[in-house]
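S.K.: What follows is a structure written as structure tokens; I'll ask about it next.
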Amino acid sequence: MANKVQNPENDLMVETKGKLETFFDNYGNKLLWGLVAVTVIAVAIYLVVSITKSSTEKRENTAQAALTVALTTEAGVEEYVAIVEEYNGTKAANTATYMAGAEYLKAGDLANAKSYLEKYADAEGAAGEVINGLVRTLRGDIAVEENDLQTAADLYNKAIEASDDIYTYENNARKLALVYVAMGDVAKAQQTYKAIVEKYPELKGKYAKYIAE
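Take 14 as the starting number for the sequence shown in my numbering and just add one per residue.
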């Protein structure tokens with residue numbers, strides 16, 4: 014007679030069902046806009062570093078100043094697009110490319126958001142790595158909206174590689190696990206949850222229930 018042992022795969026599917034519905038049905042205009050707020054700090058640090066390194070480059074400094082104004086005045090997508098077009102090729106324009114993409118995403122314009130985020134070139138330095146990771150995260154979110162789950166999984170994995178502080182790592186790994194569940198790969202989802210707990214043991218209470226013993 015078989016013992017009634019709780020099936021961790023069934024538990025995982027039941028526990029994540031509601032989250033998956035929210036993940037796929039409610040993204041639209043709510044695609045983690047909170048990440049953009051985090052970006053402002055990273056961008057501010059990146060601006061200081063870039064200005065220091067480019068002190069003799071008048072065009073770069075002018076572009077950095079324009080971007081600083083845009084960030085501190087809560088500018089809209091038009092201002093960031095203008096910086097991209099006027100100062101193309103500068104570090105500031107590259108960062109503005111990300112901000113334009115994020116603003117388009119906030120407005121629910123996936124086509125323009127995708128276009129700008131794909132134009133972004135990876136930046137250097139610690140602050141640059143944070144932005145690099147955020148770009149991949151938002152591109153992964155767009156892939157989810159487009160139901161391109163494999164691309165979303167690849168992008169979330171790349172986001173984790175680009176920046177792995179506790180906030181961004183957990184955010185990307187959690188999304189990655191949900192995508193794996195949606196793809197029917199429960200084993201990979203469990204492995205991803207396990208990786209979160211192994212990297213940040215303080216999160217064990219939050220994710221232990223998703224891990225098969």
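C-beta: ideal position from N, C-alpha, C; glycine also.
1. Could you name the residues of the same chain whose beta carbon sits closer than 6 Å to that of N23, not counting the 5 residues immediately before and after it, in chain order?
2. Decide if T85 is buried, meaning its Cβ has at least 16 other Cβ atoms within 10 Å, or exposed.
3. Look at Y133 and V148 and say whether their C-beta atoms are less than 8 Å apart.
4. Determine whether the beta carbon atoms of L189 and L151 lie at a separation below 8 Å.
5. Between the region 152 to 164 and the region 127 to 143, do at least 3 Cβ pairs fall closer than 8 Å?
6. Determine the burial state of V199: buried for a count of at least 16 other Cβ atoms within 10 Å of its Cβ, exposed for fewer.
7. Rounding to the nearest angstrom, what Cα-Cα distance links D167 and I173 in this structure?
8. Can you tell me whether G197 is helix, strand or coil according to DSSP?
9. Could you compute how far the alpha carbon of R72 sits from the alpha carbon of Y93?
10. Buried or exposed: D135, going by 16 or more other Cβ atoms within 10 Å of its Cβ?
11. Do I224 and D206 count as a contact pair if the criterion is CB distance below 8 Å?
12. On a Cα-Cα basis, can you pick out the residue from Y213, A109 and I144 that is closest to E98?
13. Below 8 Å CB to CB, which residues in the same chain sit around A83 once its five sequence neighbours on both sides are set aside?
14. With distances taken from CA atoms, which of L123, Q77 and A88 is nearest N101?
15. What's the call for G197, buried or exposed, on a 16-neighbour Cβ count within 10 Å?
16. Relative to the C-alpha of D165, which candidate in L191, I144 and T103 has its C-alpha closest?
17. Less than 8 Å between C-beta atoms, sequence neighbours within five positions excluded: which residues of the same chain meet that for V210?
18. Of the choices Q163, N184 and G89, whose alpha-carbon is the least far from that of Y193?
M.R.: Taking the definition as stated:
1. Along the sequence shown, read from residue 1 onward, the residue named residue 23 stands at position 10. Because the pLDDT of N23 is 48, which lies under 50, any placement of that residue in the model is unreliable, and the question is left without a value.
2. Along the sequence shown, one-based indexing puts residue 85 at 72. Here T85 is exposed: its Cβ has fewer than 16 other Cβ atoms, across all protein chains shown, within 10 Å.
3. The residue given as residue 133 occupies position 120 in the sequence shown. The residue given as residue 148 occupies position 135 in the sequence shown. At the C-beta level, Y133 and V148 come within 8 Å of one another.
4. Indexing the sequence shown from 1 puts residue 189 at position 176. Indexing the sequence shown from 1 puts residue 151 at position 138. Taking a C-beta distance under 8 Å as the contact criterion, L189 and L151 do not qualify as a contact pair.
5. With a cut-off of 8 Å on Cβ pairs, the region 152 to 164 is in contact with the region 127 to 143, counting three or more such pairs.
6. As a position in the sequence shown, residue 199 is number 186, starting the count at 1. Buried.
7. Here residue 167 corresponds to residue number 154 of the sequence shown, with the count starting at 1. Here residue 173 corresponds to residue number 160 of the sequence shown, with the count starting at 1. The straight-line gap from Cα to Cα measures roughly 10 Å.
8. The residue you call residue 197 lines up with position 184 of the sequence shown. The DSSP-derived three-state label of G197 is coil.
9. By one-based count along the sequence shown, residue 72 stands at place 59. By one-based count along the sequence shown, residue 93 stands at place 80. About 16 Å.
10. Start at 1 with the first residue of the sequence shown, and residue 135 comes out as number 122. It is exposed - the Cβ of D135 has fewer than 16 other Cβ atoms within 10 Å.
11. In the sequence shown, counting from the first residue as 1, residue 206 sits at position 193. In the sequence shown, counting from the first residue as 1, residue 224 sits at position 211. One detail in the question is off: residue 206 reads as Tyr in this sequence, not Asp. A contact, by the Cβ cut-off of 8 Å.
12. Translated into the one-based positions of the sequence shown, residue 98 becomes position 85. Nearest option by C-alpha distance: A109.
13. Within the sequence shown, residue 83 is the residue found at index 70, counting from 1. If we look at A83 and ignore the five residues flanking it on each side, its Cβ neighbours are E92, Y93, I96, A109 and M112.
14. Here residue 101 corresponds to residue number 88 of the sequence shown, with the count starting at 1. Of the candidates L123, Q77 and A88, the one whose C-alpha sits nearest the C-alpha of N101 is Q77.
15. Here the question's residue 197 lines up with position 184 in the sequence shown. Counting Cβ neighbours within 10 Å, G197 comes out exposed, since fewer than 16 surround it.
16. Residue 165 sits at position 152 when you count from the first residue of the sequence shown. Checking the sequence shown, residue 165 turns out to be Ala, not Asp. A165 has its Cα closest to that of L191, out of L191, I144 and T103.
17. Taking the sequence shown and counting its residues from 1, one reaches residue 210 at position 197. So the list reads L216, K217, Y220, A221 and I224, once near-sequence residues are dropped.
18. The residue labelled residue 193 in the question sits at position 180 within the sequence shown. Nearest option by C-alpha distance: Q163.
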